[in-house]
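Since the structure comes first, as structure tokens, the remarks are kept for the end.
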DNA sequence: CTGTATCCTTAGGGATACTG
DNA sequence: CAGTATCCCTAAGGATACAG
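Residue numbers (my numbering), protein chains in the order written: chain W, 1 to 135; chain Y, 1001 to 1135.
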């Protein structure tokens, strides 16, 4: 990968600064999605080629991991790694900003309020659930 | 602009999900930069065409504003708006994530520690300074 | 079900020159 | 100083077909 600088913001952008990667992370974090076809069905309609490319990159970065489904062994199951779960605070802050600035947001005001008023506890709880489900 | 969905994360990505916009915000927030030529000199070497395009978009989104410099009246001065300052928590979380995951990060461990250990106070202080300087 | 491969089109972006 | 304008090239992305 190209490396323009070692500014931490630039580092994050070089891994996730496109219009699709974080939507996959979102689906894994908040929508309980784990499989290829579920990502395809997301509201934003990613194409198969882009999805394949991003899954590969995110795995190469160590942000997600690929494994066989435990129930149906022929099925592939994607999970967040620790490094991926650590993105949670960034996603939460993006939900707050986007939810506040977009007049047409689909986010319930209730969610924003909860996230805002007791942020640390709120994030810790989600984080613990993610650890249970993914690691 | 295209609108793929009203998911707040997608909303944020559609405004800032490219490899340059947040670097301009960063320079305004943390590096005290205010002028066109200063943005050009940033470590990541943006080109004039891209810089011009992003400044225009960020202004159209209401994230930054253009004004005349108060000391040298012929000079253009860019500022963050309230909406732009509200991005601070996202940037801080990106600094933490990037700073922790990049082995070669330029970020002092001290900064990460401060940001992590008393996050709310830390952010509030920076925010108040930004309000003083930009609004 | 989980992908590749291919084709094609468009958007992004670098370099450079030029302007008020 | 603070930008446009132009040219050109590449990367990104959509559509579709195909494969293990």
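Even glycine gets a Cβ: it sits at the ideal position worked out from N, Cα and C.
Keep in mind that this is a model prediction, so the values were computed, not measured.
Output, in chain order, the set of chain W residues within a Cβ distance shorter than 8 Å of residue i.
i, result
"residue 1009 of chain Y", "22, 23, 26, 91, 94, 95, 98"
"residue 1040 of chain Y", "Near residue 1040 of chain Y there are no residues of chain W at all, since even the closest Cβ is about 14 Å away, more than 8 Å."
"residue 1110 of chain Y", "Residues of chain W passing the Cβ test: none, with the nearest at roughly 13 Å."
"residue 1083 of chain Y", "101"
Which word fits residue i, buried or exposed, when buried means at least 16 other C-beta atoms lie within 10 angstroms of its C-beta?
i, result
"residue 102 of chain W", "buried"
"residue 107 of chain W", "buried"
"residue 42 of chain W", "buried"
"residue 12 of chain W", "buried"
"residue 1027 of chain Y", "buried"
"residue 1049 of chain Y", "exposed"
"residue 40 of chain W", "exposed"
"residue 1105 of chain Y", "buried"
"residue 1068 of chain Y", "exposed"
"residue 1120 of chain Y", "exposed"
"residue 1014 of chain Y", "buried"
To the nearest angstrom, how far is it from the Cα of residue i to the Cα of residue j?
i, j, result
"residue 91 of chain W", "residue 1116 of chain Y", "16 Å"
"residue 1038 of chain Y", "residue 73 of chain W", "56 Å"
"residue 9 of chain W", "residue 1031 of chain Y", "13 Å"
"residue 17 of chain W", "residue 113 of chain W", "27 Å"
"residue 1036 of chain Y", "residue 1085 of chain Y", "19 Å"
"residue 123 of chain W", "residue 97 of chain W", "16 Å"
"residue 1087 of chain Y", "residue 131 of chain W", "27 Å"
"residue 47 of chain W", "residue 1089 of chain Y", "31 Å"
"residue 77 of chain W", "residue 125 of chain W", "23 Å"
"residue 1070 of chain Y", "residue 94 of chain W", "33 Å"
"residue 33 of chain W", "residue 1075 of chain Y", "51 Å"
"residue 1100 of chain Y", "residue 6 of chain W", "12 Å"
"residue 82 of chain W", "residue 19 of chain W", "22 Å"
"residue 1059 of chain Y", "residue 1066 of chain Y", "7 Å"
"residue 135 of chain W", "residue 1056 of chain Y", "43 Å"
"residue 51 of chain W", "residue 1021 of chain Y", "24 Å"
Residue i versus chain Y: which residues are under 7 Å apart at the beta carbon?
i, result
"residue 54 of chain W", "Within 7 Å Cβ-Cβ: nothing; residue 54 of chain W doesn't reach chain Y, min ~13 Å."
Which class does residue i belong to by DSSP, given the choice of helix, strand or coil?
i, result
"residue 80 of chain W", "strand"
"residue 75 of chain W", "coil"
"residue 1067 of chain Y", "strand"
"residue 1135 of chain Y", "coil"
"residue 38 of chain W", "helix"
"residue 1002 of chain Y", "coil"
"residue 1052 of chain Y", "helix"
"residue 1086 of chain Y", "coil"
"residue 33 of chain W", "coil"
"residue 1047 of chain Y", "coil"
"residue 1057 of chain Y", "helix"
"residue 18 of chain W", "coil"
Counting only Cβ pairs nearer than 9 Å, list the residues of chain Y close to residue i.
i, result
"residue 19 of chain W", "1004, 1010, 1013, 1014, 1017, 1018"
Going along chain W, which residues have a C-beta under 9 Å from residue i?
i, result
"residue 1105 of chain Y", "6, 7, 8, 11"
"residue 1086 of chain Y", "96, 97, 100, 101"
"residue 1044 of chain Y", "4, 5, 7, 10"
Every unbroken beta strand (DSSP E) inside the segment 1099–1128 of chain Y [3 residues or more]: none
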